[in-house]
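S.K.: Dropping the structure in here first, questions after.
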Amino acid sequence: MRITGTFLAILGAILLAACVGNPPRQADIASHDLGVLPADALPAGLPLAALEVRAAPWLDAPALRYRLAYADATRRHAYAASRWAAPPAALLERHLQRRIALDAAGGCRLHLALDELEQRFAAPQASEVMLEARATLASARGAALARQPFRIARSAPTPDARGGVAATRAAAEALAEELTRWLGELASRQPALAQQCKEKP
Numbered sequence: 004m005r006i007t008g009t010f011l012a013i014l015g016a017i018l019l020a021a022c023v024g025n026p027p028r029q030a031d032i033a034s035h036d037l038g039v040l041p042a043d044a045l046p047a048g049l050p051l052a053a054l055e056v057r058a059a060p061w062l063d064a065p066a067l068r069y070r071l072a073y074a075d076a077t078r079r080h081a082y083a084a085s086r087w088a089a090p091p092a093a094l095l096e097r098h099l100q101r102r103i104a105l106d107a108a109g110g111c112r113l114h115l116a117l118d119e120l121e122q123r124f125a126a127p128q129a130s131e132v133m134l135e136a137r138a139t140l141a142s143a144r145g146a147a148l149a150r151q152p153f154r155i156a157r158s159a160p161t162p163d164a165r166g167g168v169a170a171t172r173a174a175a176e177a178l179a180e181e182l183t184r185w186l187g188e189l190a191s192r193q194p195a196l197a198q199q200c201k202e203k204p
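Under our numbering, the first residue of the sequence shown is numbered 4, with each subsequent residue one higher.
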């Protein structure tokens, strides 16, 4: 019996070690960005000189985040073998700067506060990316002219990191479209804004 017990203990340790495994090597980690952009930029609706994105502290890293909402709603996870090529705010900023037509002759600036960006699992095989941001349109002198929150959800095609990346790209594209729609509506409702956004500091 002692021999059998010892054998089982050793076997258990081997199996546990096999399950835990080794962390992926740096060369094995996939690095993702938001992909190739469409050729045409979206019209901003107002003369924008600049667009910048700042992220909440918990998003200030290249980790590709997900949450198992069905099992532990308060715990944030990160994929071990996949990550962003840069912190999410930097990728989103570059994406929006290239996707929305900026005007060097303009004076207004668009500031975005990125509050959330994660892949959220409602079930083991069902997830969506949640993107939450607050936009502030500011004059050339820094005065806030308008503010608008955005909350975008896009379903992930697969329940893994690749699906999360695809859904994040879709959410970023939807944000670009919603931002330009909002700016266009502001220009229509408040014609004086267009004049303000032409003024230099």
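In this text, a Cβ means the ideal position worked out from N, Cα and C, and glycines have one as well. Owing to the predicted nature of the structure, the values given are computational and were not obtained by experimental measurement.
Label Val39 either buried or exposed according to how many other C-beta atoms from any shown protein chain fall within 10 Å of its C-beta, with 16 as the threshold for buried.
M.R.: exposed
S.K.: Quick check on the burial criterion: 16 or more other C-beta atoms within 10 angstroms. Buried or exposed for Thr183?
M.R.: buried
S.K.: Within the continuous beta strand (DSSP E) that includes Val56, where are the two ends?
M.R.: 51-58
S.K.: The beta strand (DSSP E) spanning Trp87 covers which residue range?
M.R.: Counting along the chain, the beta strand (DSSP E) containing Trp87 begins and ends at 80-87.
S.K.: May I ask which residues mark the beginning and end of the alpha helix (DSSP H) holding Ser191?
M.R.: 164-192
S.K.: What does the Cβ neighbour count give for Glu188, buried or exposed, with the cut at 16 atoms within 10 Å?
M.R.: Around the Cβ of Glu188, a 10 Å sphere holds fewer than 16 other Cβ atoms; the residue is exposed.
S.K.: For Ala195, which three-state DSSP category applies?
M.R.: helix
S.K.: Quick check on DSSP: helix, strand or coil for Pro160?
M.R.: Reduced to three states, the DSSP call for Pro160 is coil.
S.K.: Take Ala136 and list the residues in its own chain whose beta-carbon comes closer than 7 Å to its own, dropping the five residues that flank it on each side.
M.R.: Leu115, Ala116, Leu117, Asp118, Phe153, Leu178
S.K.: Look at Leu120 and Leu105 and say whether their C-beta atoms are less than 8 Å apart.
M.R.: no
S.K.: Under a three-way DSSP split, which group does Gln100 fall into?
M.R.: Gln100: helix per DSSP, three-state reduction.
S.K.: Pair every Cβ in the region 43-57 with every Cβ in the region 76-86, then say whether three or more of these pairs are closer than 8 Å.
M.R.: No: the two stretches stay apart, fewer than three of their Cβ pairs being nearer than 8 Å.
S.K.: Could you check if His73 is buried or exposed, using at least 16 other CB atoms within 10 Å of its CB as the buried criterion?
M.R.: A small correction: the amino acid at residue 73 is Tyr; His does not occupy that position in the sequence shown. Label assigned to Tyr73: exposed.
S.K.: Does the region 61-73 come close enough to the region 86-95 to have 3 or more Cβ pairs within less than 8 Å?
M.R.: As far as the Cβ criterion goes, the region 61-73 touches the region 86-95, which means the pair count is three or higher.
S.K.: Rounded to whole angstroms, what's the CA-CA distance from Gln198 to Gln100? Just pull it up for me.
M.R.: 22 Å
S.K.: Confirm, please, whether the CB-CB distance from Val132 to Arg97 is below 8 Å.
M.R.: no
S.K.: Using alpha carbons as the reference points, say which of Ala81, Leu51, Ile155 lies closest to Ala33.
M.R.: Ala81
S.K.: Is the beta carbon of Cys111 less than 8 Å from the beta carbon of Ser142?
M.R.: Their beta carbons are under 8 Å apart, which means Cys111 touches Ser142 by this criterion.
S.K.: Could you tell me the distance, in whole angstroms, from the CA atom of Glu180 to the CA atom of Leu45?
M.R.: Straight-line Cα distance between these residues: approximately 8 Å.
S.K.: Closer than 6 Å by C-beta to Ala126: which residues in its own chain qualify, once you throw out the five before and the five after it? Chain order, please.
M.R.: Tyr73
S.K.: Answer with buried or exposed for Pro60, where buried requires no fewer than 16 other C-beta atoms within 10 angstroms of its C-beta.
M.R.: exposed
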